[in-house]
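Following: one structure in structure tokens, then a few remarks.
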Amino acid sequence: MSEPTATQDLIKGADEPAVNVGEVQDSRRSLWRDTWDILKRRKIFWISLVLLIMFLLMAAFPSLFTHKDPEYATLAKSMEGPSSEAWFGYDLQGRDVYARAVYGARTSIIVGVLATLATVLIGGLTGVLAAYFGRWLDAIVSRVGEMLLGLPYVLGAIIILGTIAPAQSNPSKTTIMAVVIIVLALLGWPIVMRIARSAVIQAKHQDYVQAARALGAGPLRIIFKHLLPNSLAPILVYATITVGSYISAEATLSLLGIGLRPPVISWGIAIADHTSYMRTGAHALLFPAAFLSLCVLTFVMLGEAVRDALDPKLR
Amino acid sequence: MKASAESILEVRDLVKHFPLTQGIIVKRQIGAIKAVDGVSFDLHRGETLGIVGESGCGKSTLAKLLMALERPTSGSVRIHGKDITKAKGAELKRMRRNIQMVMQDPYTSLNPRMTVGDIVGEPFEIHPDVAPKGDRRRRVQELLEVVGLNPDHINRYPHQFSGGQRQRIGIARGLALQPEIIICDEPVSALDVSIQAQVMNLLERLQNEFGLSYIFIAHDLSVVRHISDRVAVMYLGKIVELGTDSEIYDSPTHPYTQALLSAVPVPDPEGRETRQRIILQGDPPSPANPPSGCHFRTRCWKAQDICAQQVPVLERRPGSDHPSACHFAEVRDVVNAQ
Amino acid sequence: MTEVLSEQVGSGSRSGALLEVDNLHVEFHTRAGVAKAVNGVTYSVDAGETLAVLGESGSGKSVTAQTIMGILDMPPGKITGGEIRFRGVDLLKLPEDQRRKIRGEGISMVFQDALSALNPVFPVGWQIAEMFRMHRGTSRAEAKKKAIELMDRVRIPAAKDRVNDFPHQFSGGMRQRIMIAMAIALDPEILIADEPTTALDVTVQAQIMELLAELQRESNMGLILITHDLGVVADVADKIAVMYGGRIVEHAEVHDLYKNPAHPYSKGLLESIPRVDHKGQELYAIKGMPPNLLEMPSGCAFHPRCPYRRETCETDVPPLYTISGTRGSACHYWREVIDEGQR
Chain D
11 MSEPTATQDL IKGADEPAVN VGEVQDSRRS LWRDTWDILK RRKIFWISLV
61 LLIMFLLMAA FPSLFTHKDP EYATLAKSME GPSSEAWFGY DLQGRDVYAR
111 AVYGARTSII VGVLATLATV LIGGLTGVLA AYFGRWLDAI VSRVGEMLLG
161 LPYVLGAIII LGTIAPAQSN PSKTTIMAVV IIVLALLGWP IVMRIARSAV
211 IQAKHQDYVQ AARALGAGPL RIIFKHLLPN SLAPILVYAT ITVGSYISAE
261 ATLSLLGIGL RPPVISWGIA IADHTSYMRT GAHALLFPAA FLSLCVLTFV
311 MLGEAVRDAL DPKLR
Chain U
406 MKASAESILE VRDLVKHFPL TQGIIVKRQI GAIKAVDGVS FDLHRGETLG
456 IVGESGCGKS TLAKLLMALE RPTSGSVRIH GKDITKAKGA ELKRMRRNIQ
506 MVMQDPYTSL NPRMTVGDIV GEPFEIHPDV APKGDRRRRV QELLEVVGLN
556 PDHINRYPHQ FSGGQRQRIG IARGLALQPE IIICDEPVSA LDVSIQAQVM
606 NLLERLQNEF GLSYIFIAHD LSVVRHISDR VAVMYLGKIV ELGTDSEIYD
656 SPTHPYTQAL LSAVPVPDPE GRETRQRIIL QGDPPSPANP PSGCHFRTRC
706 WKAQDICAQQ VPVLERRPGS DHPSACHFAE VRDVVNAQ
Chain R
99 MTEVLSEQVG SGSRSGALLE VDNLHVEFHT RAGVAKAVNG VTYSVDAGET
149 LAVLGESGSG KSVTAQTIMG ILDMPPGKIT GGEIRFRGVD LLKLPEDQRR
199 KIRGEGISMV FQDALSALNP VFPVGWQIAE MFRMHRGTSR AEAKKKAIEL
249 MDRVRIPAAK DRVNDFPHQF SGGMRQRIMI AMAIALDPEI LIADEPTTAL
299 DVTVQAQIME LLAELQRESN MGLILITHDL GVVADVADKI AVMYGGRIVE
349 HAEVHDLYKN PAHPYSKGLL ESIPRVDHKG QELYAIKGMP PNLLEMPSGC
399 AFHPRCPYRR ETCETDVPPL YTISGTRGSA CHYWREVIDE GQR
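Residue numbers (our numbering), protein chains in the order written: chain D, 11 to 325; chain U, 406 to 743; chain R, 99 to 441.
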């Protein structure tokens, strides 16, 4: 009714294609469609997508990238530099650095993705429930979340890992990874909880939720049909970036010797193994570190591209 | 369709106080916002009851109470004799079929992630026995046609429609369960002037076609007059005057009604130099701390000592043919007298 | 006014009105395309005069006002043509520092939403005083005294005690008064009020409109009232310009337009007001909806909704036909529209 600012006018104008001239043109436009339209025009999105596919392939089929066995050690070649035979050289135990970097992708990505998934599930569920039901449930969830957030990440990880996975035991590869994934999710969910909670609180007061209640819709319907779809965008963006930060968190923990450890192959372990050989054999440190950085960067760039595309302020 | 005398909605002594609390851990009530403070009225079959009042008068809270979206502090809302404020679970769900609403803001009242078909069809999903599954798409398209939208647009999203069209979608959703009562909470105030008339006409046509009863809440007095059979004027949580449209507009007896009517600018510049205006001083007091006695006395030019001591009852007073909550109720035609 | 300005007085002036908007064009460049928000708007205001600019959302009425004030966001906005002359000087050609000087002292503006237009972290008195300190270099104490005077002038009760209160401590009506106090602080010659009462209740709206009229009488300001409310226009305006799709479709003395509109759009608006004698009947409704600025209809922007439409309307953009000295209509068939109204 009243005339808002010029930009709002334009948003409104841009919002209403075809309809105003009364054409029957049934394009299924939605937020995701709009997002895709913006994404596909962004260079950074394509770059990160190509890198992402490369890393995913590396994780799924490492043999596509190297025919060498990452476990095969020739002690005689220990710390030998890059050559035509081994592009990245050999590590302390005489294993191929490139092959180990390629095989390390799988661990890092599995840990990053699974930990993120667990984080989103725990955080999303608690956040939605806390926001929807409020009162004591909200109070408990919020306080627990604040306590965990108040705890420095590494300190928390040291305490938990030190307690549940003492270094003396001899667990399987899966157990080692599972423990790290659980620790990351356990310490990370409060952030997702906060995002979900505030998104749902915001959506909860929208008229369409009131309208659904007036129709007689129950809590489950309101949560799954109305609240979740409208709160998903910020969680999705955070999750994408989180995969990257979990990969680097895993490396940090491994470097400290409390995260992953052999026989698991990971970038973090490779870095940890060679930190003291920086001056004599930088290659053994450099290449896993480069892979790690590139992979983290990929997820962060992707997350940022998605965030820009979803950001309502830019629409 | 002419309104009959049969009451399908009876509101009695409805009160909603929102507690004001202080303290973080131990919450202590330090007062209450008296949003709705003792409201009673009947809605007859096929009629439109207009409710006018300014922001903070409690008209939107009243709408939420009638829709059972809020529980009242006390009082009752009976639909066909059954109290919706006490109903729970399956019974409440069944009662909701009979009372639906159209909301003010067509931009926030539709879920942006759902298609028009999903939005208008949602009532059928919640109440599956109203329309069998195979029949729903057809029913939704019928509804779209009834409200003047292209039924082929069933797969579009709300943002592909203009404000007026969205309001039609909201109306279609409200009609889906074939309710007898529709609460319209400022249904046209967010729309452009040229679109308002379209939506008003639609609401009137639907009323005639389906025999609906409306509660039409608005702040625009000319819009309310056009559509209403009876009008209730609210001020700070209370109805101060209640009557047929001509009783309220042509012979208002409550000073607030008179001031409100006289404040509305007349869309005709003829004679504006000589037009008499009642201009009230100040703003409405806070509903958290309303004045004693008559809530309007702090802005009233007629106020006497009795107004501070006694709450005026909404009743028919000498010299008038409709109820008014003023100790000094007196007819004064402010609209036609110029 | 600044010296530079006074030297130039008269140089570019044609009709000699205090403020003239002449054939203004404004576009917005967006992701979805170019939106032509203002397409050749011309109007003028003189001292002591009230011009009402009437239009719906997207009609370009606010964009025009923002362009006059020089507060249009550029980009996405872009002025593609026209002049805005204040005392004969084209504001669009002035350097920013001189424009800033005119803003507040020459032309000032009151916005619809007083809560967001006021800074929440400063006391209102400080914000009013800042106008004097910024433009006049008035001392702190003096500026505060003036702020209290102004708050008195816009009838804020107990101004002296409230000068240190923050915006959120005031009601909507009082905040709008504070906005008005800031706008008139430097005695501007033109006041633009953009939907000043839309967010307010009817009884408060009446207070604010009365205040504006009073201030105008006192200081002989020119007032541009931007609104969508036909009632408010009828109450206070001398002249009226009706905007549709970024154009002025009709301009007239207010009495003439209400008596007998000369453009189908203004006619439709007037007819769609619910009136007592129409009760129980269908309201007249302009069919269709306002145009999309990105896809303006060809020819006359109103033609898809117009009951007077002929073929020419779909192809030819109607110029603003002069009907009489003060009156114009951008309709090919304005004679027909007027004749029908006389019957």
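The beta carbon of each residue, even a glycine, is placed where N, CA and C say it ideally should be. These numbers come from a predicted model, not from an experiment.
CB-CB length for residue i against residue j, believed under 8 Å
i, j, result
"Ala167 (chain D)", "Ile268 (chain D)", "7 Å"
"Leu596 (chain U)", "Gly568 (chain U)", "5 Å"
"Leu419 (chain U)", "Leu470 (chain U)", "6 Å"
"Ser142 (chain R)", "Ala115 (chain R)", "4 Å"
"Asp590 (chain U)", "Ser465 (chain U)", "6 Å"
Residue i, DSSP secondary structure in three states
i, result
"Met75 (chain R)", "Residue 75 (chain R) cannot be examined here, being either before or after the span of chain R that is shown, 99 to 441."
"Cys699 (chain U)", "coil"
"Ile489 (chain U)", "coil"
"Lys78 (chain D)", "coil"
"Gln379 (chain R)", "coil"
"Ala350 (chain R)", "strand"
"Glu125 (chain R)", "strand"
"Gln196 (chain R)", "helix"
"Met341 (chain R)", "strand"
"Lys643 (chain U)", "strand"
"Gly676 (chain U)", "coil"
"Ala157 (chain D)", "For clarity, residue 157 (chain D) is Met in the given sequence; the question names Ala instead. It is helical."
"Gly146 (chain R)", "coil"
"Pro200 (chain D)", "helix"
"Cys589 (chain U)", "strand"
"Ala149 (chain D)", "helix"
Where the alpha helix (DSSP H) containing residue i begins and where it ends
i, result
"Cys305 (chain D)", "292-320"
"Arg183 (chain R)", "From DSSP, Arg183 (chain R) is part of no alpha helix (DSSP H) but of the beta strand (DSSP E) over 175-184."
"Leu289 (chain R)", "Not the alpha helix (DSSP H): Leu289 (chain R) falls in the beta strand (DSSP E), residues 288-292."
"His631 (chain U)", "626-632"
"Thr466 (chain U)", "464-471"
Limits of the beta strand (DSSP E) - the one that residue i falls within
i, result
"Asn137 (chain R)", "131-143"
"His449 (chain U)", "433-449"
"Ala404 (chain D)", "No statement about residue 404 (chain D) is possible, as the shown extent of chain D runs from 11 to 325 and does not include it."
"Ile275 (chain D)", "Run containing Ile275 (chain D): none; DSSP gives neither H nor E here."
"Phe423 (chain U)", "412-427"
"Gly104 (chain D)", "It is not in any beta strand (DSSP E) - Gly104 (chain D) carries neither H nor E in the DSSP assignment."
Any chain D beta carbon closer than 7 Å to residue i
i, result
"Asn516 (chain U)", "yes"
"Lys498 (chain U)", "yes"
"Thr513 (chain U)", "yes"
"His506 (chain U)", "One point to set straight first is that residue 506 (chain U) is Met, not His, in the sequence displayed. Chain D contact via Cβ: present."
"Ile804 (chain U)", "Limits of chain U in this structure are 406 at one end and 743 at the other, which puts residue 804 (chain U) out of reach."
"Arg610 (chain U)", "no"
"Arg476 (chain U)", "no"
"Arg501 (chain U)", "yes"
Neighbour flag for residue i against chain R, beta carbons, 7 Å
i, result
"Arg541 (chain U)", "no"
"Leu549 (chain U)", "no"
"Arg450 (chain U)", "no"
"Met639 (chain U)", "no"
"Val736 (chain U)", "no"
"Ala745 (chain U)", "No information on residue 745 (chain U) is available, as it lies outside the stretch 406 to 743 that chain U covers here."
Residue i beta carbon near the ligand GTP (any heavy atom closer than 6 Å)
i, result
"Val598 (chain U)", "As far as ligands go, the structure on display features none, and thus does not contain the ligand GTP."
Within-7 Å CB hit, residue i to chain U
i, result
"Gln305 (chain R)", "yes"
"Leu152 (chain R)", "no"
"Leu225 (chain D)", "yes"
"Pro272 (chain D)", "no"
"Asp333 (chain R)", "yes"
### Message
Restricting to runs no shorter than 4 residues, where is the alpha helix (DSSP H) found entirely within the stretch 207-249 of chain R?
### Response
212-215, 222-234
### Task
Report the residue ranges of all beta strand (DSSP E) runs contained in full by the stretch 402-430 of chain R; include only those spanning at least 3 residues, in chain order.
419-422, 425-427
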